[in-house]
Amino acid sequence: MSEGAFAQETGQAQQPAARKTSSVQVDVRDGYRYISGFGVPHHAKDQARALGIVSTPYAFRVPVKPKNTPRVTPWAPGMIFGVALDGVPIKTAVDGYWNDNQNWLKLKRKFDAYGGFIDEGPGAYMYGAIPSGLVSKDLSHVGYAADGFPIFVSKNNKFTSSYRLLEGRRSDPPNGPGGVYDGAYFRDYNYIPGAGVLDRCNGVNIKGKYYIYILTPDFLRIPKCWRGIPDPTFFSASSKAGSNLIVNEDDDEETRQMKNRQRR
């Protein structure tokens with residue numbers, strides 16, 4: 013991919029003021045990209061109700077020119093990592109904890125043909141794996157992370173993860189669930205710098221100029237940290253879908269105004 017094409021696809025080039033599709037609207041102004049929609053993917057727009065998908069309003073904001081920070085921001089269960097180009101949230105799918113022990117987070121490993129799943133409770137549709145319906149070429153731009161850096165998918169899996177499955181067995185009860193490391197839990201994996209192409213956050217610098225995240229078919233699948241500063245519109249005290257629209261007491265004035273504007 014040429015630098016010009018990459019810049020245009022990732023938003024480094026100048027963007028139009030607003031862009032709207034059937035389910036998502038993107039408005040670029042004041043240094044931010046505002047992304048709003050109802051979280052219904054294109055492939056399910058005519059059968060969302062039959063599939064149990066609840067149309068849920070979202071209003072996200074990401075910086076047009078994201079910046080790396082000295083320290084990464086870690087992910088926590090319930091956080092939305094980013095948003096796909098079709099307005100569907102990108103979020104790590106979890107199945108709770110073993111024995112309510114937060115050291116043993118269970119990972120959901122079954123998704124539909126498009127890499128999606130329905131979040132329990134609200135019934136919102138999320139991408140927890142590669143959103144295959146958005147992948148059209150070898151290096152496809154599929155969304156934006158909460159810190160503004162673009163999210164890509166590589167069809168030929170050129171960008172490999174640096175996480176590896178541990179060997180041996182987990183701690184037995186009461187200290188752990190026991191059994192061999194098989195990928196069922198987050199702690200079944202270990203980050204080994206240089207083991208793959210991608211860094212701890214499943215990202216990579218392209219030509220030393222552009223930082224991008226990569227969704228991979230194997231762990232991490234969805235990145236578990238941010239290189240930049242994630243926008244608060246992706247977080248909430250509640251993991252409920254759509255709760256990012258709620259104005260919280262600790263929101264700054266700019267965030268309050270943005271949420272109120274997007275809710276109208």
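As numbered in our numbering, the sequence shown has no gaps in its residue numbers, which increase by one up to the final residue, 276.
We put the CB at the ideal spot given by N, CA and C, even for glycine.
From a predicted model like this one, the values you see are computed outputs, not experimental measurements.
Check: With which residues is S152 paired in a DSSP beta bridge?
Finding: Taking the first residue of the sequence shown as position 1, residue 152 is located at position 140. Note: S152 sits in a beta bridge opposite V165.
Check: DSSP three-state call for P244: helix, strand or coil?
Finding: Against the sequence shown, residue 244 aligns to sequence position 232. Residue state, collapsed to three classes: helix.
Note to self: For the pair the stretch 199-210 and the stretch 174-184, tell me if three or more CB-CB distances fall below 8 Å.
What the structure shows: yes
Notebook entry, point to check: Closer than 7 Å: is that where the CB of Y201 sits relative to any heavy atom of the ligand NAD?
Noted result: Because no ligand of any kind appears in the structure shown, any question about the ligand NAD cannot be addressed here.
Note to self: Measuring alpha carbon to alpha carbon, tell me which residue in K236, K221, G135 and A141 is nearest R212.
What the structure shows: Position 200 of the sequence shown, counted from the start, is the residue given in the question as residue 212. Of K236, K221, G135 and A141, the residue nearest in Cα terms is K236.
Margin query: Using a Cβ distance threshold of 8 Å, determine whether the stretch 186-193 contacts the stretch 90-109, with at least three qualifying pairs required.
Written below: no
Next item on the list: Leaving out five residues on either side along the sequence, give the residues of the same chain with a beta carbon under 8 Å from the beta carbon of G215.
Entry: Indexing the sequence shown from 1 puts residue 215 at position 203. Result list for G215: F161, Y223, I224, Y225, I226, P235 and R239, in chain order.
Checklist line | Spatially closest choice to G64 from A71, Q114 and G135, by CA coordinates | finding: The sequence position of residue 64 within the sequence shown is 52, counting from 1. Nearest option by C-alpha distance: G135.
Notebook entry, point to check: Helix, strand or coil: which one does DSSP assign to D107?
Noted result: Within the sequence shown, the letter at position 95 stands for residue 107. In this structure, DSSP gives D107 an extended state, which the three-state scheme calls strand.
Margin query: Less than 6 Å between C-beta atoms, sequence neighbours within five positions excluded: which residues of the same chain meet that for P89?
Written below: In the sequence shown, residue 89 corresponds to position 77, counting from 1. The beta carbon of P89 sits closer than 6 Å to the beta carbons of V106 from its chain, once the five residues preceding and following it are set aside; these are given in chain order.
Next item on the list: Would you list, in sequence order, the uninterrupted alpha helix (DSSP H) runs of no fewer than 4 residues that lie entirely inside the stretch 38-92?
Entry: If we require 4 residues or more, the alpha helix (DSSP H) runs fully inside the stretch 38-92 come out as 60-63.
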